[in-house]
Amino acid sequence: MRGEFLKGVLLCAFSTLCLAQSPYSGEELREIKALSPERVVGYKEGQGLGYAKAAELNHYPGPRHVLDLQRELNLSGEQLEQTDVIYQRMRARAKALGREILDLEYELNRLFASQAIEETALRTILEQLGQLEAALRYVHLNAHLEQTQLLSQSQRNEYDRLRGYLGGSPNKMHHHSSHHHE
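Structure, rendered in structure tokens:
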């Protein structure tokens with residue numbers, strides 16, 4: 001009986017220790033603390049990182065995925081060539097902006113790590129990061145706009161189907177902002 005009580009006490013104490021651990025535990029080992037390794041790679045490689053989700057999920061196909069689905073979408077030679085141009089331009093711009101973002105994130109991390117951060121530097125870096133993030137999001141969203149203009153409506157519908165998007169066609173949009181809930 002005494003052994004069971006001791007097991008219970010130890011289990012409770014161990015559980016409390018586990019619960020007290022920060023969700024950030026382990027992240028202190030990252031080179032840039034605020035960014036996951038996957039996000040760092042995404043910035044370096046010019047990946048989408050979810051920046052164009054508003055377009056992608058509202059019937060504006062992205063060039064990377066259109067290239068992946070070129071056969072299924074029955075792209076013409078001209079569509080394929082123009083899609084590749086859009087993708088290469090988007091990726092080059094995204095990689096350049098991603099490098100700038102990583103440089104600033106590294107500097108922000110360095111200033112905090114060295115205990116040398118001050119309010120003016122903090123504000124400046126954050127404003128620059130905000131501008132770069134906006135520019136990066138624009139690059140990705142604009143590529144979706146350009147891509148959509150190259151495809152027929154039936155190709156866009158097929159793209160949505162192939163990507164597994166269950167929402168209706170863009171003609172059946174449902175706007176929540178016009179509803180009044182009480």
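Counted the way the UniProt record's numbering counts, the sequence shown spans residues 1 to 182.
Note that CB positions come from ideal geometry on N, CA and C, so glycine has one too.
Query raised in the report: Expressed to the nearest angstrom, what Euclidean distance is found between the alpha-carbon atoms of Y159 and E119?
Result: Position 159 of the sequence shown holds residue 159. Position 119 of the sequence shown holds residue 119. Each residue's Cα considered, the two are about 47 Å apart.
Requested in this report: Compute the Euclidean distance between the alpha carbons of L108 and P61, then round it to the nearest angstrom.
Outcome: The residue given as residue 108 occupies position 108 in the sequence shown. The residue given as residue 61 occupies position 61 in the sequence shown. Rounded to whole angstroms, L108 to P61 spans 35 Å at the Cα level.
Query - Straight-line gap, residue 186 to L75 (C-alpha atoms, nearest Å) - result: For the chain, the structure presents residues 1 to 182; residue 186 sits outside this window and is missing.
Query raised in the report: Who are the near neighbours of Y106 in its chain, counting only those whose CB is closer than 6 Å to its CB and skipping five residues on each side?
Result: Within the sequence shown, the letter at position 106 stands for residue 106. Excluding sequence neighbours, Y106 sits near I32.
Report task. Compare the beta carbon distance of H65 and R163 with 8 Å and say whether it is the shorter of the two. Result -> Along the sequence shown, one-based indexing puts residue 65 at 65. Along the sequence shown, one-based indexing puts residue 163 at 163. Contact: yes.
Query raised in the report: First and last residue of the alpha helix (DSSP H) that includes N142?
Result: Counting from one through the sequence shown, the residue named residue 142 turns up at place 142. Start and end: E119 to L150.
**Report entry** DSSP three-state assignment for K33, whether helix, strand or coil
**Finding:** Here residue 33 refers to the residue found at position 33 of the sequence shown. Here K33 sits in coil by DSSP.
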